[in-house]
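The structure under discussion appears below in the form of structure tokens.
Numbering (the numbering used here), first residue to last: 1437 to 1651.
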């Protein structure tokens, strides 16, 4: 069942990312790559996500930065991809996403949030989500680890960001339950995988994506 409220006419794409500080990003890969190597991989993944967002030609691209937008890497990304820089605000991921959605929806746009960990997320996935949001309240792409790699909303749904253990293996299951219990219509996209652990890095190499991410 979908909402009868007037839907936003356009969609924005928001990339959520941390500054590529060695020792603070991709920490589960530090033993394999070293702090600098893990930070370099993270930076490549962020740039790959921004490139995908820009190439999808859905609408404006936003880079939501943590801990703030002052890192020189973010400034270069804004220049290279035409992205607006915004600061993530909130005590946890749920609050930060909810605040980003509230800002876009108040301005009359749907919003699609992606992270920077999923190199197999392509322009077709973003375009499919944007199309779905013309008729559905939500679009979501599950992750193989139990979370999700994309969330799009055409209206505010505060319950999606409450009472969830972010980073756990039940995020997608709990999100489905919340959507279903409130009789909210959503489009579920293909399940994808992201890069967090050494086995994910090996898969990145095996599938020939590492050079693309680091280019």
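Beta carbons: idealized from backbone N, C-alpha and C, even for Gly.
What you are looking at is a predicted structure, and each value in this text was computed from that prediction instead of being measured.
Sub-9 Å separation of residue i and residue j beta-carbons
i	j	result
residue 1483	residue 1517	yes
residue 1498	residue 1449	yes
residue 1620	residue 1587	no
residue 1452	residue 1532	yes
residue 1486	residue 1462	no
residue 1529	residue 1603	yes
residue 1536	residue 1623	no
residue 1566	residue 1520	no
Residue of the options minimising C-alpha distance to residue i
i	options	result
residue 1444	1546, 1511, 1532	1546
residue 1612	1536, 1528, 1577	1577
residue 1592	1572, 1564, 1463	1572
residue 1551	1489, 1570, 1601, 1507	1489
residue 1544	1594, 1454, 1495, 1606	1495
residue 1633	1474, 1447, 1458, 1455	1474
residue 1417	1581, 1651, 1570	As displayed, the chain neither begins before 1437 nor continues past 1651, which places residue 1417 out of reach and without an answer.
residue 1608	1595, 1635, 1492, 1579	1579
residue 1514	1527, 1542, 1526, 1500	1500
residue 1525	1600, 1502, 1512, 1560	1502
residue 1511	1643, 1534, 1479	1479
residue 1606	1618, 1617, 1583, 1595	1583
residue 1594	1617, 1651, 1534, 1642	1534
residue 1468	1635, 1644, 1446, 1649	1635
residue 1541	1646, 1560, 1447	1447
residue 1680	1527, 1646, 1560, 1650	Summary: the structure shown does not reach residue 1680, with the chain confined to residues 1437 through 1651, and so no result is reported for it.
residue 1507	1460, 1642, 1454, 1645	1454
Nearest-angstrom Cβ-Cβ length linking residue i and residue j, presumed shorter than 8 Å
i	j	result
residue 1554	residue 1640	About 11 Å separates the two Cβ atoms, so there is no contact after all.
residue 1637	residue 1465	6 Å
residue 1589	residue 1574	5 Å
residue 1456	residue 1509	6 Å
residue 1625	residue 1564	6 Å
Bridge partners - residue i, DSSP secondary structure assignment
i	result
residue 1578	1584
residue 1523	1501
residue 1449	1497, 1548
residue 1589	1547, 1574
residue 1515	None; residue 1515 has no bridge partner.
residue 1454	1502
C-beta neighbour in chain C for residue i, strict 9 Å
i	result
residue 1468	In the displayed structure, chain C is absent; only one protein chain is listed.
Item to check | Start-end ranges of the alpha helix (DSSP H) lying completely within the region 1600-1633, minimum 4 residues | outcome: 1607-1617
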